[in-house]
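Engineer:
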Amino acid sequence: MTGSSLTHSPHHVTVLIMLDLSQPEILWTTFEEAFSVVRNAMKMSYDDKIIQELKQQRIKERKKAVEREVDPFPMKLCLIGGKYDQFKDLSLDKIELVGKILRATAHVLGAGLYYHSAKDKSLLRRTKDLLSHYGFGIQFSDTKCTDFEKPLAISAGADSLSSIDLQFPQTRPSAILDTIKQIYVTRIPQESRSNEIILEDPSNDPNFNEPIIDRLRAQREEEINILLHDMLEGRIPQIPIPDPS
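Residue numbers (UniProt numbering): 1 to 245.
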């Protein structure tokens with residue numbers, strides 16, 4: 001998949017990228033694939049003028065001054081690190097490296113970063129609240145956590161490269177992700193995924209079982225099916241999308 005068209009107003013969309021923390025050896029490859037799809041979908045859906053307007057709006061929304069290396073993604077973005085219950089049993093060095101890499105990646109893209117586990121009640125609740133915040137604007141009690149020995153929780157723009165202490169050379173914003181990648185893959189080489197079996201529907205892959213997200217997806221699919229049926233029957237008017245505030 002190289003990308004698909006986005007039909008909603010970009011001002012009302014937050015893109016969530018789910019990553020499997022328990023498999024550091026394919027973590028960056030997974031991120032690159034997902035981010036490429038999101039970036040291509042954005043370019044296919046909106047013209048350059050809108051994309052630049054979105055990027056300037058993202059810069060204005062930041063709580064701190066934008067560092068030179070930061071290159072915010074035009075659309076609102078959030079990285080979710082799943083399977084924290086398995087990830088926390090890895091070596092401390094690996095946990096710290098993954099944490100630094102994900103913090104740096106999220107920060108330069110202007111994204112939020114939250115760890116998640118379907119087997120931890122407090123993390124389940126936080127993820128549910130986060131989805132409600134992004135999806136419905138419900139207030140989210142955002143407690144920041146940058147301790148690598150705990151589940152990370154960092155809202156967009158609340159981090160800084162100096163506190164991450166990844167120690168990479170200064171570079172231009174357009175090359176910063178490549179620099180972060182080289183630091184990571186040098187320490188944790190990425191395995192090839194060319195021999196993986198591609199499921200007809202990746203959401204059915206038991207390795208990525210996330211109950212909350214699966215239930216929300218099923219609920220949304222049911223709502224869409226009902227709306228499509230009503231539209232085909234001519235029983236529902238077109239709903240206007242409000243202008244961004």
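All residues carry an ideal CB built from backbone N, CA and C; glycine is no exception.
Quick caveat: nothing in here was measured; it's all calculated off a predicted structure.
Given L21, which residues of its chain have a CB within under 8 Å of its CB, disregarding the five upstream and five downstream residues?
Structural biologist: The residue given as residue 21 occupies position 21 in the sequence shown. Answer for L21: L27, G81, G82, K83, Y84, Q86, F87, V98 and Y115, listed in chain order.
Engineer: Please identify the residue among A34, L130, I213 and Q23 whose C-alpha is closest to the C-alpha of A153.
Structural biologist: Looking up residue 153 in the sequence shown gives position 153. Here the closest residue by C-alpha is L130.
Engineer: For the putative contact between G110 and R58, defined by C-beta atoms under 8 Å, what is the C-beta separation to the nearest angstrom?
Structural biologist: Within the sequence shown, numbered from 1, the residue matching residue 110 stands at position 110. Within the sequence shown, numbered from 1, the residue matching residue 58 stands at position 58. Contact flag correct, Cβ pair sits at about 5 Å.
Engineer: List the endpoints of the continuous beta strand (DSSP E) containing Y84.
Structural biologist: Locating residue 84 in the sequence shown gives position 84, where the first residue counts as 1. Per DSSP, Y84 belongs to no beta strand (DSSP E); it is in the alpha helix (DSSP H), Y84 to F87.
Engineer: Find the nearest neighbour of E149 within the set F31, R220, E96 and I213, judged by alpha-carbon distance.
Structural biologist: Residue 149 sits at position 149 when you count from the first residue of the sequence shown. Selected option, being the one with the closest Cα: E96.
Engineer: To the nearest whole angstrom, what separates the beta carbons of V70 and V108, a pair I think is in contact under 8 Å?
Structural biologist: What you label residue 70 is simply residue 70 of the sequence shown in a count that begins at 1. What you label residue 108 is simply residue 108 of the sequence shown in a count that begins at 1. With a Cβ gap of about 5 Å, V70 and V108 count as contacting.
Engineer: Using the Cα positions of I224 and F168, report the straight-line distance between them to the nearest angstrom.
Structural biologist: Within the sequence shown, the letter at position 224 stands for residue 224. Within the sequence shown, the letter at position 168 stands for residue 168. Spanning the two alpha carbons is a distance of roughly 46 Å.
Engineer: Where L161 and S155 are concerned, what is the direct C-alpha to C-alpha distance, given to the nearest angstrom?
Structural biologist: Against the sequence shown, residue 161 aligns to sequence position 161. Against the sequence shown, residue 155 aligns to sequence position 155. Computed Cα separation, rounded: 14 Å.
Engineer: Taking its Cβ as the centre, do 16 or more other Cβ atoms sit within 10 Å of A106, making it buried, or is it exposed?
Structural biologist: Taking the first residue of the sequence shown as position 1, residue 106 is located at position 106. Buried: at least 16 other Cβ atoms inside 10 Å.
Engineer: Within a Cβ cutoff of 8 Å, which residues of the same chain sit near residue 247, ignoring the five residues on either side of it in sequence?
Structural biologist: Given a span of 1 to 245 for the chain in the structure shown, any question on residue 247 remains unanswerable.
Engineer: Looking only at C-alpha atoms, which of H133, E25 and L102 sits nearest to L166?
Structural biologist: Within the sequence shown, the letter at position 166 stands for residue 166. The option with the nearest alpha carbon to L166 is L102.
Engineer: Closer than 7 Å by C-beta to F140: which residues in its own chain qualify, once you throw out the five before and the five after it? Chain order, please.
Structural biologist: In the sequence shown, residue 140 corresponds to position 140, counting from 1. Hits under 7 Å: D129, L130 and H133.
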